[in-house]
Structure formats: structure tokens, C-alpha cells
Amino acid sequence: MDGRLYDDVINFTECIKDTPEYREYQEKKHRIEQFPELMEKAELLKGQNFELYEGFDPERDSIEKIRKFADKNEEILMEPVINDYLTAEAAFCRMLREILDMTMERINF
Numbered sequence: 001m002d003g004r005l006y007d008d009v010i011n012f013t014e015c016i017k018d019t020p021e022y023r024e025y026q027e028k029k030h031r032i033e034q035f036p037e038l039m040e041k042a043e044l045l046k047g048q049n050f051e052l053y054e055g056f057d058p059e060r061d062s063i064e065k066i067r068k069f070a071d072k073n074e075e076i077l078m079e080p081v082i083n084d085y086l087t088a089e090a091a092f093c094r095m096l097r098e099i100l101d102m103t104m105e106r107i108n109f
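Heads up: the sequence shown runs through residues 1 to 109, numbered per this note's numbering.
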């Protein structure tokens, strides 16, 4: 990578870190890290959620499978520290996905 592009990437990442989404995510992440048991629950829930959606086949699975997952984990999601963390992380990930989508469109990948 040439020097100019490297510098631009560094500047770009600093711009990302200056967004409300990133700052909110970092704040909520630092908060939940103060409660290792809650962080463990959140990470477990994220892993299970990923597996559910990655393995979900609309032809084979019903929406009831997702509903059962949500019902089973409702108590965990009612914990404000966990909910705040997961919500902030989702917002930050959405922003990153939009940035990547825009980048891919602009370079005609």
C-alpha cells in the first residue's frame, strides 16, 4: 500500500472513531466489561444468534424458531447493560456495513 493510501486509511479510521455510533459503542462496551458475567451472557447470546441466522433456511425453518430463541433469551435482553451494549454494537455494525457497501459500489467491485 502506498504512503498516501496508508495515510488516508489512518485518517478514515479516525473519522469512524469520531462518530456517535462508535463513541456510544465504546461507552457501552466499557460499561459491560465492568460486569464480566453480563459480558459473558452477551457474547454467548451473540454467538447463538449468529448460528441461528447463519443456519436459518426459510424453506426448512419456520419463523417460530426465531420466536422461540427470542422468548428463551428475553430475560437476558431485559438486562439494561446487556441490551444497551447489544443495541450500540448493532448500530455501529450497521454503520460499518453501510460504509463497506458504499465503498464497494464506488469501486465497481
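Don't be surprised by glycine CBs; every beta carbon is placed ideally from N, CA and C.
Bear in mind that the values here come from a model prediction, so they are computed numbers and not experimental data.
Could you give the uninterrupted runs of the alpha helix (DSSP H) lying entirely in the stretch 21-46, keeping only those of 4 residues or more? As for any alpha helix (DSSP H) of minimum length 4 sitting wholly inside the stretch 21-46, there is none.
Worksheet item: Mind checking Tyr25: buried by the 16 CB within 10 Å criterion, or exposed?
Response: As a working note, residue 25 is residue 25 in the sequence shown. By the 10 Å Cβ count, Tyr25 comes out buried.
Item to complete: Compare the Cα-Cα distances from Thr19 to each of Leu96, Asn49, Lys68, Glu40 and report the closest residue.
Response: As a working note, residue 19 is residue 19 in the sequence shown. Distances from the alpha-carbon of Thr19 to those of Leu96, Asn49, Lys68, Glu40 put Leu96 closest.
| Would the beta-carbon of Val42 fall within 8 Å of that of Ile99? | Taking the first residue of the sequence shown as position 1, residue 42 is located at position 42. Taking the first residue of the sequence shown as position 1, residue 99 is located at position 99. With the sequence shown as reference, residue 42 is identified as Ala, and Val is not the correct amino acid for it. Cβ distance not < 8 Å, so Ala42 and Ile99 don't count as in contact.
- Cα-Cα separation, Lys72 to Ile107: Taking the first residue of the sequence shown as position 1, residue 72 is located at position 72. Taking the first residue of the sequence shown as position 1, residue 107 is located at position 107. About 43 Å.
Quiz item: CB Tyr85 to CB Lys28, shorter than 8 Å?
Solution: The residue given as residue 85 occupies position 85 in the sequence shown. The residue given as residue 28 occupies position 28 in the sequence shown. Contact flag set, yes.
If you measure between the beta carbons of Ile10 and Leu45, is that distance less than 8 Å? Mapped onto the sequence shown, residue 10 falls at position 10. Mapped onto the sequence shown, residue 45 falls at position 45. Contact: no.
Assign Ala88 to one of two classes, buried (16 or more other C-beta atoms within 10 Å of its C-beta) or exposed (fewer than that). Working through the sequence shown from its first residue, we reach residue 88 at position 88. Buried is the call here.
Original post:
Does the separation of the CB atoms of Glu14 and Phe92 fall below 8 Å?
Top reply: What you label residue 14 is simply residue 14 of the sequence shown in a count that begins at 1. What you label residue 92 is simply residue 92 of the sequence shown in a count that begins at 1. Cβ distance not < 8 Å, so Glu14 and Phe92 don't count as in contact.
Item to complete: Alpha carbon to alpha carbon, how far is Leu52 from Arg67? Give it in angstroms, no decimals.
Response: Counting from 1 along the sequence shown, the entry for residue 67 is found at position 67. Counting from 1 along the sequence shown, the entry for residue 52 is found at position 52. Approximately 11 Å, taken between the alpha carbons.
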